[in-house]
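A.B. asks: Before I ask anything, let me first share the structure, which is written out below as structure tokens.
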Amino acid sequence: QHNPHWWGNRNTIVHLFEWKWSDIAQECESFLGPRGFAGVQVSPVNENIIAAGRPWWERYQPISYKLTTRSGNEEEFGDMVRRCNDVGVRIYVDVLLNHMSGDFDGVAVGTAGTEAEPRKKSFPGVPYTAQDFHPTCEITDWSDRFQVQQCELVGLKDLDQSSDWVRSKLIEFLDHLIELGVAGFRVDAAKHMASEDLEYIYSSLSNLNIDHGFPHNSRPFIFQEVIDHGHETVSRDEYKDLGAVTEFRFSEEIGNAFRGNNALKWLQSWGTGWGFLPSGQALTFVDNHDNQRDAGAVLNYKSPRQYKMATAFHLAYPYGISRVMSSFAFDDHDTPPPQDAQERIISPEFDEDGACVNGWICEHRWRQIYAMVGFKNAVRDTEITGWWDNGDNQISFCRGNKGFLAINNNLYDLSQDLNTCLPAGTYCDVISGSLIDGSCTGKSVTVNDNGYGYIHIGSDDFDGVLALHVDAKV
Ligand code: QV4
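With my numbering applied, the sequence shown corresponds to residues 2 to 475, in that order.
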């Protein structure tokens with residue numbers, strides 16, 4: 002279940018973290034479809050506990066499988082899926098199969114109004130009772146398989162996926178989403194569930210809904226959250242044949258490289274050469290909603306120049322199933338999404354350039370990022386050729402004769418003739434501007450009959466990357 006069921010030549014998933022369904026529907030029609038995005042990962046759709054201050058992470062604490070959250074209700078969800086599919090943008094849902102909510106004093110009331118008593122492992126909205134869960138224990142030793150898979154991740158009540166009842170409720174929930182037209186799922190905390198149980202669940206799911214344009218017998222796309230830094234007891238390899246797996250080493254290493262801790266010349270062997278999963282099994286990302294909040298190597302929107310370079314490399318280099326992050330501004334781990342005084346999530350607002358202004362970051366609306374989504378579509382099915390580097394932090398490469406990327410992460414200029422592999426002509430750099438009415442609003446590069454062009458990326462240029470492709474030829 003590794004096929005994401007993309008439409009046409011599309012290639013990139015965006016995670017619209019904490020967005021409302023009605024806003025995503027609008028975004029599919031007005032921005033994502035026209036810009037060639039392939040799909041959206043949406044926040045959890047099922048009812049969750051209400052935590053004080055409404056941190057984003059309350060949505061990782063399920064109360065029932067009713068489809069009402071702060072992002073909207075079932076009707077709004079269904080409307081979004083239909084409208085996004087209509088413009089060729091697939092929907093992938095973040096699903097919580099591992100656990101229900103953590104402790105809560107007394108009776109908790111969820112976002113759909115359902116009552117539960119998490120301390121007693123009583124979730125009548127499903128219903129689940131104590132016998133549907135593993136006995137309570139804490140994960141203290143991450144090298145102990147039993148603890149990782151049968152104890153509680155941060156105190157979240159741990160479902161027993163080997164039980165027929167639990168399996169049937171999870172399958173029913175996922176099938177309901179398939180019926181509504183989704184293309185697949187991000188499986189949260191997959192490493193905390195036995196792969197045999199997941200295999201049973203995935204293989205029991207319905208085919209995708211043909212009324213939403215999926216071919217007969219299409220299997221739901223699955224990508225599993227398994228954090229494997231390379232030496233875990235429960236490893237990515239146990240899951241990779243069931244569906245794609247999040248390749249966290251990609252995120253860590255790309256952050257390292259673009260922070261300047263590892264010369265970019267080494268990226269020539271990027272991908273399996275770095276010990277990453279085979280391309281078709283790897284879900285790749287510069288940052289995700291968890292590790293963008295951790296200090297460390299991972300880059301996020303707060304280091305925009307390096308973040309844009311890393312994203313350009315991510316989307317230009319032919320490796321993995323790409324996902325870009327679209328964040329809201331945060332100060333710390335618990336910062337809630339943009340919300341009003343009644344704690345309702347607010348809609349993004351845009352300035353005249355289309356950038357978000359009211360607490361939403363919308364990296365996917367940064368020209369340097371959506372232009373690379375277009376680049377990836379334009380160069381689809383080509384190989385990487387013509388690698389060049391200066392032995393340090395200046396690199397360039399071609400994608401067949403359809404696209405060319407150059408990056409300068411040195412503190413001095415890149416100025417020289419380089420092989421772009423492109424047919425002769427003048428091309429717009431899609432990072433510094435766009436092709437509008439037959440001319441470039443940013444830099445342009447003239448390619449001669451031998452495919453060479455003069456490339457200049459000053460060390461103090463606004464962006465440290467330049468990208469050319471055949472769809473932006475003057
Ligand atoms: C607290 C204590 C615990 C204690 C517990 C019980 O910290 O030590 O056991 O109380 O008394 C929130 C709070 C957390 C709290 C917990 C339970 O932050 O402090 O525990 O609730 O009340 C998200 C957030 C978590 C959040 C959780 C549930 O990141 O902070 O916890 O949602 O709301 C590992 C896993 C990997 C996981 C990653 C974070 O292998 O699978 O940790 N990633 C996924 C999601 C992530 C999500 C979860 C899993 C859980 O991507 O966003 O956690 O669904 O690496």
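Yeah, the Cβ is synthetic: ideal placement off N, Cα and C, and Gly gets one too.
1) Can you find the residues in the same chain that come closer than 6 angstroms, C-beta to C-beta, to R220, ignoring five residues on each side of it along the sequence?
2) List the DSSP bridge partners of N409.
3) Is N49 buried or exposed, if buried means 16 or more other CB atoms sit within 10 Å of its CB?
4) Regarding V155 and ligand 1, is the C-beta to nearest heavy atom distance less than 7 angstroms?
5) Within 10 Å of its beta-carbon, does V155 have 16 or more other beta-carbons around it, so buried, or fewer, so exposed?
6) Give me the Cβ distance between N409 and G387, rounded to the nearest whole Å; I'm assuming they're in contact under 8 angstroms.
7) Would you say L68 and N86 are within 8 angstroms of each other, going by their C-beta atoms?
8) Tell me whether A117 counts as near ligand 1, meaning its Cβ is closer than 7 angstroms to at least one heavy atom of that ligand.
9) Could you pull out every residue in the same chain whose Cβ sits closer than 6 angstroms to the Cβ of R120, ignoring the five residues on either side in sequence?
10) Do the stretch 30–42 and the stretch 74–94 make contact, defined as three or more Cβ pairs closer than 8 angstroms?
11) Is there at least one non-hydrogen atom of ligand 1 closer than 7 angstroms to the beta-carbon of I228?
12) Can you tell me the Cα-Cα spacing of T137 and C152, whole angstroms?
13) Can you tell me whether A425 is buried or exposed? The criterion is at least 16 other CB atoms within 10 Å of its CB, across all chains shown.
14) Does the beta-carbon of E384 have 16 or more other beta-carbons within 10 angstroms, so that it is buried, or is it exposed?
15) Quick check on this structure: which residue in F351, E364, V167 has the alpha carbon closest to the alpha carbon of A330?
16) Does ligand 2 have even one heavy atom less than 7 angstroms from the beta-carbon of E139?
17) Would you list the residues sitting across from N420 in a DSSP beta bridge?
18) Flag H290 as yes when its Cβ comes closer than 7 angstroms to any non-hydrogen atom of ligand 1, and as no otherwise.
19) Give a yes or no on contact between the stretch 264–283 and the stretch 311–325, applying the rule of three or more CB pairs nearer than 8 angstroms.
20) Got a sec: does ligand 1 put a non-hydrogen atom nearer than 7 angstroms to the Cβ of L97?
21) Between which two residues does the beta strand (DSSP E) carrying L284 extend?
22) Where do the ends of the beta strand (DSSP E) carrying D95 lie?
23) Could you check how far apart the C-beta atoms of V96 and R187 are, in whole angstroms? I think they sit under 8 angstroms.
24) When you compare the CB positions of Q293 and S328, do they come within less than 8 angstroms of one another, or not?
25) Would you say E116 and V110 are within 8 angstroms of each other, going by their C-beta atoms?
26) In terms of alpha-carbon separation, which member of V475, G459, D106 lies closest to T442?
27) Could you tell me the alpha carbon to alpha carbon distance between A372 and V431, rounded to whole angstroms?
28) Please classify W361 as buried or exposed, where buried requires at least 16 other C-beta atoms within 10 Å of its C-beta.
29) Between which residues of its own chain and T130 is the CB-CB distance below 7 angstroms, once the five residues before and five after are set aside?
30) Please state if the CB of V82 and the CB of V183 are separated by a distance shorter than 8 angstroms.
31) Put K474 into one of helix, strand or coil per three-state DSSP.
32) Given a threshold of 16 other Cβ atoms within 10 Å of its Cβ, counted over all protein chains shown, does W22 qualify as buried or as exposed?
33) Would you list the one or two residues that DSSP bridges to I385?
34) For S196, collect the residues of the same chain with a Cβ closer than 8 angstroms to its Cβ; drop the 5 residues on either side in sequence, then sort them by chain order.
35) Please report the residue range of the alpha helix (DSSP H) in which S204 lies.
36) Let me check you understand the geometry: is the CB of F58 closer than 7 angstroms to at least one non-hydrogen atom of ligand 1?
C.D. replies: Let me spell this out:
1) As a working mapping, residue 220 is identified with position 219 in the sequence shown. Cβ within range, chain order: Q2.
2) Here residue 409 is taken as the residue at index 408 of the sequence shown, counted from 1. Bridge partners of N409: Q395.
3) Reading the sequence shown from its first residue, position 48 is the one you call residue 49. Label assigned to N49: buried.
4) Here the question's residue 155 lines up with position 154 in the sequence shown. True, at least one ligand heavy atom lies under 7 angstroms from that Cβ.
5) Translated into the one-based positions of the sequence shown, residue 155 becomes position 154. With fewer than 16 other Cβ atoms within 10 Å, it is exposed.
6) If you number the sequence shown from 1, residue 409 lands on position 408. If you number the sequence shown from 1, residue 387 lands on position 386. With 8 angstroms as the limit, N409 and G387 do not qualify as a contact, their Cβ atoms being about 17 angstroms apart.
7) Within the sequence shown, the letter at position 67 stands for residue 68. Within the sequence shown, the letter at position 85 stands for residue 86. Against a cut-off of 8 angstroms, the Cβ pair of N86 and L68 comes out as no contact.
8) Taking the sequence shown and counting its residues from 1, one reaches residue 117 at position 116. Flag unset: Cβ of A117 not near ligand 1.
9) In the sequence shown, the residue the question calls residue 120 occupies position 119. Correct list, in chain order: D104.
10) yes
11) The residue you call residue 228 lines up with position 227 of the sequence shown. True, at least one ligand heavy atom lies under 7 angstroms from that Cβ.
12) For the purposes of this step, residue 137 is identified with residue 136 of the sequence shown, where counting begins at 1. For the purposes of this step, residue 152 is identified with residue 151 of the sequence shown, where counting begins at 1. Cα to Cα, T137 sits roughly 6 angstroms from C152.
13) On the sequence shown, residue 425 is found 424 positions in, with the first residue counted as 1. Exposed, since its Cβ has fewer than 16 Cβ neighbours within 10 Å.
14) As a position in the sequence shown, residue 384 is number 383, starting the count at 1. Flag for E384 reads exposed.
15) Stepping through the sequence shown from its first residue, residue 330 is reached at position 329. A330 has its Cα closest to that of E364, out of F351, E364, V167.
16) Only ligand 1 can be found as ligands here, which leaves ligand 2 out of the picture.
17) Here residue 420 refers to the residue found at position 419 when the sequence shown is read from its first residue. Bridge partners of N420: Y453.
18) The count along the sequence shown starts at 1 and reaches residue 290 at position 289. Correct: H290 has its Cβ closer than 7 angstroms to ligand 1.
19) yes
20) The count along the sequence shown starts at 1 and reaches residue 97 at position 96. Within the cutoff, so yes.
21) Looking up residue 284 in the sequence shown gives position 283. Start and end: 283–285.
22) Within the sequence shown, numbered from 1, the residue matching residue 95 stands at position 94. Counting along the chain, the beta strand (DSSP E) containing D95 begins and ends at 91–96.
23) For the purposes of this step, residue 96 is identified with residue 95 of the sequence shown, where counting begins at 1. For the purposes of this step, residue 187 is identified with residue 186 of the sequence shown, where counting begins at 1. Contact holds; Cβ gap of about 7 angstroms.
24) On the sequence shown, position 292 is the one that residue 293 refers to. On the sequence shown, position 327 is the one that residue 328 refers to. The answer is yes: Cβ separation under 8 angstroms.
25) Taking the sequence shown and counting its residues from 1, the one referred to as residue 116 is at position 115. Taking the sequence shown and counting its residues from 1, the one referred to as residue 110 is at position 109. Yes, Cβ-Cβ distance for E116 and V110 is below 8 angstroms.
26) As a working mapping, residue 442 is identified with position 441 in the sequence shown. The option with the nearest alpha carbon to T442 is V475.
27) Taking the first residue of the sequence shown as position 1, residue 372 is located at position 371. Taking the first residue of the sequence shown as position 1, residue 431 is located at position 430. Answer to the nearest angstrom: the Cα atoms are 6 angstroms apart.
28) Locating residue 361 in the sequence shown gives position 360, where the first residue counts as 1. By the neighbour-count rule (16 or more Cβ atoms within 10 Å), W361 is buried.
29) Residue numbering aside, residue 130 sits at position 129 when the sequence shown is read from its first letter. Here the set comprises K122, S123.
30) Here residue 183 refers to the residue found at position 182 of the sequence shown. Here residue 82 refers to the residue found at position 81 of the sequence shown. Contact flag set, yes.
31) For this step, residue 474 is matched to residue 473 along the sequence shown. It is a strand residue.
32) Here the question's residue 22 lines up with position 21 in the sequence shown. Classification for W22: buried.
33) Position 384 of the sequence shown, counted from the start, is the residue given in the question as residue 385. Answer is R400, bridged to I385.
34) The count along the sequence shown starts at 1 and reaches residue 196 at position 195. Around S196: E239, Y240, L243.
35) Stepping through the sequence shown from its first residue, residue 204 is reached at position 203. That run of the alpha helix (DSSP H) goes 196–205.
36) Taking the sequence shown and counting its residues from 1, the one referred to as residue 58 is at position 57. According to the sequence provided, residue 58 is Trp. The question's Phe does not apply to it. Because some heavy atom of ligand 1 lies under 7 angstroms away, the Cβ of W58 counts as near it: yes.
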